[in-house]
Amino acid sequence: MSKDNAPVIAVDGPGGSGKGTVTQMLAKKLGWHLLDSGALYRLTALAAIRQNVSLDNETELVRVAASLDVAFEPTPEGEPAKVILAGEDVTAEIRTETCGDNASRIAVMQSVRDALLQRQRDFQQEPGLVADGRDMGTVVFPNASVKIFLTASAEERAHRRYSQLKAAGVDVSIDAVLEEIRVRDERDINRSAAPLKPADDAQVIDSTGLSIKEVLSRCLAAVGQA
1 MSKDNAPVIA VDGPGGSGKG TVTQMLAKKL GWHLLDSGAL YRLTALAAIR
51 QNVSLDNETE LVRVAASLDV AFEPTPEGEP AKVILAGEDV TAEIRTETCG
101 DNASRIAVMQ SVRDALLQRQ RDFQQEPGLV ADGRDMGTVV FPNASVKIFL
151 TASAEERAHR RYSQLKAAGV DVSIDAVLEE IRVRDERDIN RSAAPLKPAD
201 DAQVIDSTGL SIKEVLSRCL AAVGQA
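Just so you know, full-length UniProt numbering puts the end of the sequence shown at 226, numbered straight through with nothing missing.
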């Protein structure tokens, strides 16, 4: 099987829907590679800040994106993949609300998306790939074997994120978290470059009120591995 023929499971959806945890669990269960595409945008934003590049400087952002030195390393089940930037573990740093907001800002730039497109496709390798993102099934891997769109209500996603932040010792209000999620959803859904939406042939799974094991079970059923 050639690299381009390696099967792909594309899992798209808004932040807080459970994609990160589910895709890693899927990849481990199937023994496949993992791509956290959102991390690439967060990494680009972080690398730009570290290099004193303005998030409005599209030309320089493209350069930063094209030269990213990134690797994903597996972690215990249920935890997000470890993200390594130029040899440094930046997993916690790229998961901050500020970095997420910065990533959303640069993700609307088509030239930045183009710079990262081939980098994402390079993750397609045997025996297969589980790709987590917002446009995996619509843009990056339009011929994916299976396409899943994982969603949840804004309120549910806000409560999940709020709990994560409080557990990490971050002082934040639920109202502030909910407002940020709504603003980011609005921006992602209405952006001209690869707007957030299910692929026409995606299976939509609403994780509102479901445990992560129930979500995994539904995803496995979609993959035909249940």
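Where a beta carbon is used, it is the ideal one built from N, C-alpha and C, also for glycine. Note that the structure is predicted; figures quoted are calculated from it, not measured.
Boundaries of the beta strand (DSSP E) in which residue i is found, first to last residue
i: D206; result: Q203 to D206
i: A222; result: Premise fails: A222 lies in the alpha helix (DSSP H), I212 to V223, not in any beta strand (DSSP E).
i: L85; result: K82 to L85
i: D36; result: H33 to D36
i: A10; result: V8 to D12
i: L150; result: V146 to T151
Alpha carbon of residue i to alpha carbon of residue j, nearest angstrom
i: A152; j: D4; result: 32 Å
i: N52; j: E58; result: 13 Å
i: A92; j: V223; result: 30 Å
i: G16; j: V215; result: 13 Å
i: I174; j: H33; result: 35 Å
i: R182; j: V70; result: 29 Å
i: L178; j: P14; result: 13 Å
i: N102; j: A194; result: 17 Å
i: A221; j: A81; result: 23 Å
i: A47; j: R105; result: 14 Å
i: V83; j: L35; result: 11 Å
i: Q125; j: V170; result: 38 Å
i: D56; j: L165; result: 28 Å
i: P76; j: V130; result: 17 Å
Local conformation of residue i per DSSP, three classes
i: T91; result: helix
i: E73; result: strand
i: G100; result: helix
i: K166; result: helix
i: G137; result: helix
i: E188; result: The sequence given here has Asp at residue 188, not Glu. Three-state DSSP puts D188 in a helix.
i: L55; result: coil
i: D132; result: strand
i: L196; result: coil
Run of the alpha helix (DSSP H) containing residue i, from where it starts to where it stops
i: V170; result: First-last for V170: undefined, no H or E at that position.
i: V64; result: E58 to A66
i: A27; result: K19 to L30
i: A115; result: Q110 to R121
Cβ neighbour criterion (16 or more within 10 Å) applied to residue i
i: I189; result: exposed
i: G38; result: buried
i: M1; result: Confidence is the limiting factor: at M1 the pLDDT is only 44, short of 50, which leaves the residue's position unreliable and the question unanswerable from this model.
i: T23; result: buried
i: R50; result: exposed
i: D200; result: exposed
i: A86; result: exposed
i: A226; result: Low per-residue confidence applies at A226: pLDDT is 43, beneath 50, and the placement is therefore not dependable, though the value from the model is reported in the following sentence. When all chains shown are included, A226 counts as exposed.
i: A27; result: buried
i: T98; result: exposed
i: A107; result: buried
i: A168; result: exposed
The region 61-74 touching the region 151-168, judged by at least three CB pairs closer than 8 Å: no
contact_flag[the region 116-126, the region 35-49] where n(CB pairs < 8 Å) is 3 or more: yes
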